[in-house]
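The block underneath contains the structure these notes are about, expressed in C-alpha cells.
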Amino acid sequence: MATGNINVSVENIFPLIKKFLYSDHEIFLRELISNATDATLKLKHLTQIGESKAEYGNPIIEVKIDKEGKKLHIIDQGLGMTSDEVEKYINQVAFSGANEFLEQYKEKVEDAGIIGHFGLGFYSAFMVAEKVEIITKSHKDEPAAHWTCDGSPQFTLEAHDKTDRGTEIILHIAEDSLEFLEEGRISSLLTKYNKFMPVSIKFGTKTETLPKPEGAKEEDPAPTQEVDNIINNPNPAWTKQPSELEDEDYKGFYRELYPMQFEEPLFNIHLNVDYPFNLTGILYFPKMTNDMNMQKDKIQLYQNQVFVTDNVEGIVPEFLTMLRGVIDSPDIPLNVSRSYLQADGNVKKISSYITRKVADKLKSLFNNNREDFEKKWDDIKIVIEYGMLSEEKFFEKADKFALYPTVDGSYLTYEELEAKIKDSQTDKDGKTIILYASNKDEQHAYIEAAKGKGYEVLLLDSPIVSHLIQKLETTKENISFARVDADHIDNLIKKDEEQISKLSDEEKETLKTSLEAVVPKDKYTVQVETMSSDATPFMITQPEFMRRMKEMQQTGGGGMNMFGNMPEM
Ligand code: ADP
Ligand code: MG
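Here is the structure:
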C-alpha cells in the first residue's frame, strides 16, 4: 500500500471548493458520468484501431445508491486505469485542475456564472462526499488499483482484487448532502444532465410487461420481467443526419425533449456544421402567443451530448431565445462570464450561423408553400418581427418573406404591398402612405371609409408593431405609415373625387361645430367634409404622432418584458 501527498498549494481543498461551488453541487454527477462516458468511448476507439485487446461488448454505466452505507456508486466498463495512471491522472491532472481553479477564481466567487460552468471534473466529487474511493481495473493486463482520499492532500493507493474491467467511483456522501442518496433526486439529475448521453446509463431496474404467450387465457396475467432501467437515449435525433430523419422523427424528438408540451411545433431547423466550428442541433418554432411569459421550455445547450444549461443568452441572438430545441457544440467556452462570451469570435460566428439558418429555413418555407406559411404567420410573426428589429442581417433576409396582412385577410410581402399602392396612395409630396388598422372592430368605421376610397388597409396587431413601423419608415425610402383613424389619411390625394359628402355645406358646418364642442380639441380633429358614405358622415381622428408617442411609451415599458429593453431606434 502506498500513501502520499497530492501536490497542491492549498492545505485542504475540500472545505474551500465546497464553499465556492455551493450553489451548484449537483454538477458532480454530471462530471463523474462524463468521465465514465469518456472512459467507455476511449476504449471503443482503442479496440477499433486495434490498440486494445479488450472485448468492447455492450458496455453500460451504472449509478447505484446504497442508502444504509450512505454511498453513491458510479460504475463504468470503460478503459480503467492502472495504478500509475491513477497517480498521474487523478493525483496530478485532476487535482492540478482543481488547484488551478482555486487560484484563478478565488477572487471572483461573486460571478456565479463562471463557477456554474467550470468543468471541475473529478474533483467536484468532494462537493458532496467526505471520502471518495476509486476502484479501477485497466483494460491492460495489470492488477486493479484502489485509491482513497478524504479531500485532504493525503491519499492512499493499494492493490485491489477487482477483476472486471472498468472503474467504480464510490462517494461517501457527507452529512449535509444526504439528498443525493434519494432516488428521486438522483433520478431527476440524470434526466436533467444525462438524458442524451452516448453511453447507456442504468439506474435501478423496472418491470416490463411481456406479450401473453399464445393460447393464454383471458384471465391469465401478462408475464413480466425485471429489466435494466436505462434513463437515456444514446442516439438523439440531433446527432443524426437530416437525411436519416422524417418529419415524425423530429416531432418525436420534440416530445422527448419536452414531455410536458402537448402542442406540436410548427416546424424545425436542423443545424449541422463542422467548420469553422462544430455545431449540431435542432431548433423548433413553437406556436407563439403574444403572452410570452407563458414560455418555460427553452433551448438547451449541450456539449457532446452532456446537458450544460438552458440559458443560451449570448450564444443565440435574443430574438431566437423564444425557440425551443437543442444546440450541441464543444466550441462554446463555458468557464467564462456571459459578457466575455459575447465577445468570443467563435460564439459570434455560431450566433450568426444560427440566425442565417433560421432565415434560410423561413425563406424556403415561404417559397415552397406560401399558403402554409401564411397560415403559420400569426404564430411566428412575433419572432420574425423582433428579429427584424434587432438584427440587421436578419432584416435584410426577412424583408423578402415577412408578411403584412390586410384587413381583408390576404397577406402581402412588402414588395407586393408597395407595388399595389405606390401610385394610388400618395400624399401631396409624393410620399407613399401605408394605411393600417390595429383593431378591426374598434376601427371598423375608419377601415370602411378608407376602403371606400379604394385604399389598401393593413391589419397590424402585434405588440411590437409601432417599433416595426418606425424601422420600416427609416429603412424604406419615401414611405410613411398612418393608422386609419389618424389625420394623415386626409392628406392623401383623393383617389375618387366623385365620392363627396351628401351633406350640404351648411349641414357640415353645423355638425362640425357641435362635435367640436364635445371633443377635446387639443387631442382630436373632427372631419366632416371628406366623408362620403351615409354610414359614416364624419370622423374624429387623432394626430398620428400623438398616438404613436402614447403607444411607444406603453410598449417600451412593461408591455415588452419578455424582451427586456427594446433595441434603440
Ligand atoms: P477531465 O475529464 O477534464 O480530463 P477530470 O478531473 O474529470 O478531468 O478527470 C481527470 C482524469 O482522470 C481524466 O482525464 C481521466 O484520465 C481520469 N479518469 C477520471 N475518471 C475516470 C474513469 N471513470 N475511468 C478512467 N479514467 C478516468
Ligand atoms: Mg472529466
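Residues in the sequence shown are numbered consecutively from 31, following the working numbering. The beta carbon of each residue, even a glycine, is placed where N, CA and C say it ideally should be. Only a predicted model underlies this, so the values are computations on that prediction, with no experimental measurement involved.
A distance below 6 Å between beta-carbons, with the five flanking residues on each side excluded, links ASN302 to the following residues of its chain, in chain order: THR310.
The DSSP-derived three-state label of PHE425 is helix. Taken from the Cβ of ASN334, every heavy atom of the ligand ADP lies 7 Å or farther away. Straight-line spacing of the CA atoms in PHE403 and GLU274 works out to 25 Å. Shown here for ASP340: same chain residues with a beta carbon closer than 8 Å to its own, the five before and five after excluded, namely LYS328, ILE329, GLN330, LEU331 in chain order. Under the three-pair Cβ rule at 8 Å, the segment 195–209 counts as touching the segment 156–172.
Taken from the Cβ of ASP68, at least one heavy atom of the ligand ADP lies inside 7 Å. Segment contact: the segment 346–360 against the segment 374–387, three or more CB-CB distances shorter than 8 Å; contact assigned. In this chain, the alpha helix (DSSP H) harbouring ARG60 covers 57–78. Listed in chain order, the non-local C-beta contacts of HIS190 below 7 Å within the same chain comprise ILE165, ALA174, ALA175, HIS176, local neighbours out to five positions each way being set aside. Per DSSP, the unbroken alpha helix (DSSP H) holding ARG386 starts and ends at 375–398. Judged by their CB atoms, PHE431 and LEU392 are nearer to each other than the 8 Å cut-off.
Taking the CA atoms as reference points, PHE511 sits about 14 Å from ASP459.
Judged by DSSP in its simplified three-state form, LEU220 adopts helix. The closest CA to that of GLY110, considering only ILE91, GLY181, GLU248, is found on ILE91. Under DSSP, the beta-bridge partners assigned to SER510 are ILE463.
Look at the segment 259–316 and you find these whole runs of beta strand (DSSP E), each 3 residues long or longer: 297–303, 309–315.
In this structure, GLY245 sits away from ILE105, with a CB-CB distance that is not shorter than 8 Å.
Beta-bridge partners assigned by DSSP to THR186: THR33, THR178. Counting along the chain, GLU160 sits inside no alpha helix (DSSP H); it lies in the beta strand (DSSP E) bounded by residues 159–167.
Between the segment 250–268 and the segment 232–241, the count of Cβ pairs shorter than 8 Å is three or higher; the stretches touch. The beta-bridge partner set that DSSP reports for ALA516 consists of GLN572. Going by beta carbons, SER359 and ASN308 fall inside the 8 Å limit. Between the alpha carbons of GLU293 and SER534 lies a distance of about 59 Å. As a beta-bridge residue in DSSP terms, TYR434 pairs with LEU442. Around the Cβ of GLN184, a 10 Å sphere holds fewer than 16 other Cβ atoms; the residue is exposed. Going by DSSP, TYR476 is part of the alpha helix (DSSP H) stretching over 474–482.
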